[in-house]
């Protein structure tokens, strides 16, 4: 069979940047993948798809985890695979119910490490109140994988009174983030590169069930939730502005960033705005409820450092703009290419 | 972080046999994985898990596909990833509704090949009447994957009058298979090894929606359906006998096997009983309905070569026994180790 033969034309190939969550990922998905699968729910590219059956709305979401290293301060691929998918269900207002767990193991992988990872996934699922209902295990030859890849796919139920969607975002909405950004990405990168300067840092990897459910009551007028994972907070803001055709304005000095993350980012030439988080949410909230929601978030151990970072504005529609500490402003672009590969 | 360090004790490692669908796969799942995830539905290890929400039974199943080569006569990894998961939903009597599609792509993979595979997955999903509702794309560095791995996770609805389960199998039930066994496994292996002798053969890879739904009416008394993929027909029969504590007797000369598959299996030292299928079902049917069900199956293009191969008996409980063509009999054991790796 022809596999990868090249009959006189140039063969286009997948690059690491196609998987990094920025503009090239978006291009690959839009131009190569979506054209084959036309369902409008898929095309919305939200954190979870919603479908209705028997008068009930269910949320459905999938993620494969290819993080390296498999173990990092604050978590491992098992915890991440549960928390990441649970958080994607939460983004559409669902109560997470069930997960599938599929393992692709490289031949020679340590069974002890597998046990540690499964223990961690199990603990995280108990904490999040989700049940692993089905699974699959495949083994590939040495050199054909990278230790372990994990896929989790989640199902949840959306209560009938909950309606979260970018479509609900309005001019005036306040933008909150549930804590400091960039912890996960910088932690994983520091481990990978052997940097000592970030030794105090750990990943924020966590399931945010309690935190999110504390503000889902429709009285609190939360319009939209987003999970700033691959591509970070900056990508969430740029995407929402473009898709929803609104202006977004955020204040650099209001965005919480830990000193270690800021320092490491400067040394590495990274912008924490684009660094992945695995235990944070971005909320768009009606202005008159923003203070109330913020105070509720701050009562949860996982939201103690929540902050109001900006708002949705009438000016510069389709653009997210950062007002810098020194009084200037710059557009938050969708990053084009490779950010931090294999971060989740 | 310690990763795979060895502090004076021997490190046990995952082998290819752990992924081949035989006894070692079962051991890994039972002794390493299941102990961390205690849900009784998961522990049943059926093709799909069932859960109830809002008075409706939903089926939920996951599979990762790591087949090599990615393209083979009769299909490719895209078609396989749709058909395999659809068939797992069918095994519990569900009407397949939605799939997730998650790709782990190796850096450098040809975009043209990706397009071919997605086209094929898309066509198969249209044919099976399922919608791809959510997806994920990850890229790993060259040498850390193997071209493409695909995970599909499926959701379906089980009609209220359908109840398929090994628990319903009774002594006297007739065992049917929907066509010749071993086509998929021998096709993939022949491609991989470059064998010319199987050049006429193609994989049976197919979604069996129409075929299965034609016999699901409770009037036809189909008690249990199984999808003889990894581990083949032999593993299905040995597992059912052991789990259900019944005797199973099948007649070698009634089991349909194509000449090419038989020939290739002999040369390769394989037993077609244990070779994977990707477009076949094994049915356990009440004796008085077996002829009727067989005649319905034979009317479908994908069931034309269906056959009655044996029955559930009172003798030798927990054992599946093959009566050979020459009048002897032998126990169909669970294969212990490596059968055919990377076949699905």
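Protein chains in written order, with this note's numbering: chain A, 1 to 344; chain B, 345 to 688. The beta-carbon is built from N, C-alpha and C at its ideal position, and this holds for glycine as well. Here the structure is a predicted model, which is why all the values come from computation and not from measurement.
Taking the alpha-carbon positions, what's the residue 51 of chain A to residue 221 of chain A distance?
Reading the first chain from its first residue, position 51 is the one you call residue 51 of chain A. Reading the first chain from its first residue, position 221 is the one you call residue 221 of chain A. Roughly 23 Å separates the two Cα atoms.
Among the residues of its own chain, which have a CB less than 7 Å from the CB of residue 637 of chain B, if the five just before and after it don't count?
For the purposes of this step, residue 637 of chain B is identified with residue 293 of the second chain, where counting begins at 1. Taken in chain order, the residues that qualify are 520, 559, 564, 566, 627, 629.
Whole-angstrom distance between residue 273 of chain A and residue 75 of chain A, CA atom to CA atom:
Reading the first chain from its first residue, position 75 is the one you call residue 75 of chain A. Reading the first chain from its first residue, position 273 is the one you call residue 273 of chain A. Those two C-alpha atoms are separated by around 22 Å.
Under three-state DSSP, which class holds residue 610 of chain B?
Counting from 1 along the second chain, the entry for residue 610 of chain B is found at position 266. If DSSP states are grouped into helix, strand and coil, residue 610 of chain B belongs with the helices.
Let me know the secondary structure DSSP gives residue 5 of chain A once reduced to three states.
The residue labelled residue 5 of chain A in the question sits at position 5 within the first chain. Legend: pLDDT at residue 5 of chain A = 45, less than 50; position of this residue unreliable, value from coordinates given subsequently. Looking at residue 5 of chain A - three-state DSSP - the assignment turns out to be coil, as it is neither helix nor strand.
Report back the beta-carbon spacing between residue 11 of chain A and residue 458 of chain B to the nearest angstrom; my notes put them in contact at under 8 Å.
Your numbering for residue 11 of chain A matches position 11 in the first chain. Your numbering for residue 458 of chain B matches position 114 in the second chain. Actually they do not touch by this definition, with Cβ atoms about 11 Å apart.
Just curious, the beta strand (DSSP E) that residue 446 of chain B is in, first and last residue?
The sequence position of residue 446 of chain B within the second chain is 102, counting from 1. First-last of the beta strand (DSSP E) with residue 446 of chain B: 439 to 450.
Of all the CB atoms in chain A, is at least one closer than 8 Å to the CB of residue 446 of chain B?
What you label residue 446 of chain B is simply residue 102 of the second chain in a count that begins at 1. Answer yes: the Cβ-Cβ gap between residue 446 of chain B and chain A drops below 8 Å somewhere.
What does the Cβ neighbour count give for residue 675 of chain B, buried or exposed, with the cut at 16 atoms within 10 Å?
Here residue 675 of chain B refers to the residue found at position 331 when the second chain is read from its first residue. Exposed, by the Cβ-count rule.
Check whether the Cβ of residue 226 of chain A lies closer than 8 Å to any Cβ atom in chain B.
Within the first chain, the letter at position 226 stands for residue 226 of chain A. It does not; no Cβ of chain B falls within 8 Å.
Please return the same chain residues whose Cβ sits closer than 6 Å to the Cβ of residue 68 of chain A, not counting the five positions on each side in sequence.
Position 68 of the first chain, counting from 1, holds the residue named residue 68 of chain A. So the list reads 342, once near-sequence residues are dropped.
Cβ atoms of residue 344 of chain A and residue 404 of chain B: under 8 Å apart, would you say?
Mapped onto the second chain, residue 404 of chain B falls at position 60. Mapped onto the first chain, residue 344 of chain A falls at position 344. Result no, Cβ atoms of residue 404 of chain B and residue 344 of chain A do not sit closer than 8 Å.
Excluding the five sequence neighbours on either side, which residues of its own chain have a C-beta within less than 8 Å of the C-beta of residue 648 of chain B, listed in chain order?
For the purposes of this step, residue 648 of chain B is identified with residue 304 of the second chain, where counting begins at 1. Hits under 8 Å: 523, 642.
Distance between residue 254 of chain A and residue 554 of chain B (C-alpha atoms, nearest Å)
Here residue 554 of chain B corresponds to residue number 210 of the second chain, with the count starting at 1. Here residue 254 of chain A corresponds to residue number 254 of the first chain, with the count starting at 1. For residue 554 of chain B and residue 254 of chain A, the distance between alpha carbons rounds to 58 Å.
Using a Cβ-Cβ distance cut-off of 8 Å, determine whether residue 36 of chain A contacts chain B.
Taking the first residue of the first chain as 1, we reach residue 36 of chain A at position 36. Output row for residue 36 of chain A: interface = yes.
Pick from B:488, B:496, B:525: whose alpha carbon is nearest that of residue 651 of chain B?
Residue numbering aside, residue 651 of chain B sits at position 307 when the second chain is read from its first letter. Considering only alpha carbons, the answer is B:525.
Could you please give the first and the last residue of the uninterrupted beta strand (DSSP E) stretch that includes residue 316 of chain A?
Residue numbering aside, residue 316 of chain A sits at position 316 when the first chain is read from its first letter. Per DSSP, residue 316 of chain A belongs to no beta strand (DSSP E) and is neither H nor E.
So the alpha helix (DSSP H) residue 244 of chain A belongs to, where does it begin and stop?
As a working mapping, residue 244 of chain A is identified with position 244 in the first chain. First-last of the alpha helix (DSSP H) with residue 244 of chain A: 232 to 244.
Residue 276 of chain A and residue 207 of chain A - do their beta-carbons sit closer together than 8 Å?
Your numbering for residue 207 of chain A matches position 207 in the first chain. Your numbering for residue 276 of chain A matches position 276 in the first chain. The answer is no: Cβ separation not under 8 Å.
What is the residue span of the alpha helix (DSSP H) that residue 509 of chain B lies within?
On the second chain, residue 509 of chain B is found 165 positions in, with the first residue counted as 1. No alpha helix (DSSP H) holds residue 509 of chain B; DSSP gives it neither H nor E.
Using a C-beta to C-beta distance shorter than 7 Å, which residues of chain A count as neighbours of residue 482 of chain B?
Stepping through the second chain from its first residue, residue 482 of chain B is reached at position 138. Under the 7 Å cutoff, chain A gives 19, 64, 66.
Integer-rounded CB distance, given that residue 169 of chain A should sit under 8 Å from residue 244 of chain A
As a working mapping, residue 244 of chain A is identified with position 244 in the first chain. As a working mapping, residue 169 of chain A is identified with position 169 in the first chain. Yes, residue 244 of chain A and residue 169 of chain A are in contact; Cβ-Cβ is about 5 Å, under 8 Å.
Does the beta carbon of residue 342 of chain A come closer than 8 Å to any beta carbon on chain B?
Residue mapping note: residue 342 of chain A aligns to position 342 of the first chain, counting from 1. Cβ-Cβ to chain B under 8 Å: yes for residue 342 of chain A.
Residues, ordered as in the chain, of the segment 381 to 407 of chain B that lie near chain A by beta-carbon distance below 8 Å:
381, 383, 385, 386, 392, 393, 395, 397, 398, 399, 400, 402, 404, 405, 406, 407
Quick one: is residue 79 of chain A buried, meaning 16 or more other Cβ sit within 10 Å of its Cβ, or exposed?
Locating residue 79 of chain A in the first chain gives position 79, where the first residue counts as 1. It is buried - the Cβ of residue 79 of chain A has at least 16 other Cβ atoms within 10 Å.
Could you name the residues of chain B that residue 135 of chain A contacts, counting a contact when the two beta carbons are closer than 8 Å?
To locate residue 135 of chain A, count along the first chain from 1; it is residue 135. By Cβ distance, chain B contributes 373, 377, 381, 386, 406.
In chain order, what residues of the same chain have a beta carbon less than 6 Å from the beta carbon of residue 623 of chain B, not counting five sequence neighbours either side?
Taking the second chain and counting its residues from 1, the one referred to as residue 623 of chain B is at position 279. Counting only Cβ-Cβ distances below 6 Å, and skipping sequence neighbours, we find 548, 549, 550.
For residue 393 of chain B, report the span of its beta strand (DSSP E) as first-last.
Your numbering for residue 393 of chain B matches position 49 in the second chain. 393 to 397 is the span of the beta strand (DSSP E), which, as asked, contains residue 393 of chain B.
If we cut at 8 Å on Cβ distances, does residue 488 of chain B have a partner in chain A?
The residue labelled residue 488 of chain B in the question sits at position 144 within the second chain. Yes - at least one Cβ of chain A is within 8 Å of the one on residue 488 of chain B.
N-terminal and C-terminal residue of the beta strand (DSSP E) that residue 58 of chain A is part of
Stepping through the first chain from its first residue, residue 58 of chain A is reached at position 58. Unbroken beta strand (DSSP E) run through residue 58 of chain A: 56 to 65.
In chain order, what residues of the same chain lie with their CB nearer than 8 Å to the CB of residue 631 of chain B, ignoring the 5 residues before and after it?
Walking along the second chain from the start, residue 631 of chain B turns up at place 287. If we look at residue 631 of chain B and ignore the five residues flanking it on each side, its Cβ neighbours are 516, 517, 518, 655.
Residue 55 of chain A, buried or exposed, once every other Cβ within 10 Å from all chains shown has been counted against 16:
For the purposes of this step, residue 55 of chain A is taken as the residue at position 55 of the first chain. By the 10 Å Cβ count, residue 55 of chain A comes out exposed.
Contained alpha helix (DSSP H) runs [length at least 4] in the segment 281 to 311 of chain A, N- to C-terminal order:
290 to 299
Thinking C-beta only, is residue 36 of chain A closer than 8 Å to residue 463 of chain B?
Residue mapping note: residue 463 of chain B aligns to position 119 of the second chain, counting from 1. Residue mapping note: residue 36 of chain A aligns to position 36 of the first chain, counting from 1. In contact: residue 463 of chain B and residue 36 of chain A (Cβ atoms closer than 8 Å).
So, for residue 581 of chain B: in the same chain, excluding its five sequence neighbours on each side, which residues have a beta-carbon less than 6 Å away from its beta-carbon?
Within the second chain, numbered from 1, the residue matching residue 581 of chain B stands at position 237. Within the same chain, residue 581 of chain B has close Cβ partners 592, 664, 676.
Just tell me which of A:99, A:143, A:187, A:109 has its CA closest to the CA of residue 124 of chain A.
Taking the first chain and counting its residues from 1, one reaches residue 124 of chain A at position 124. The shortest Cα separation from residue 124 of chain A among A:99, A:143, A:187, A:109 belongs to A:99.
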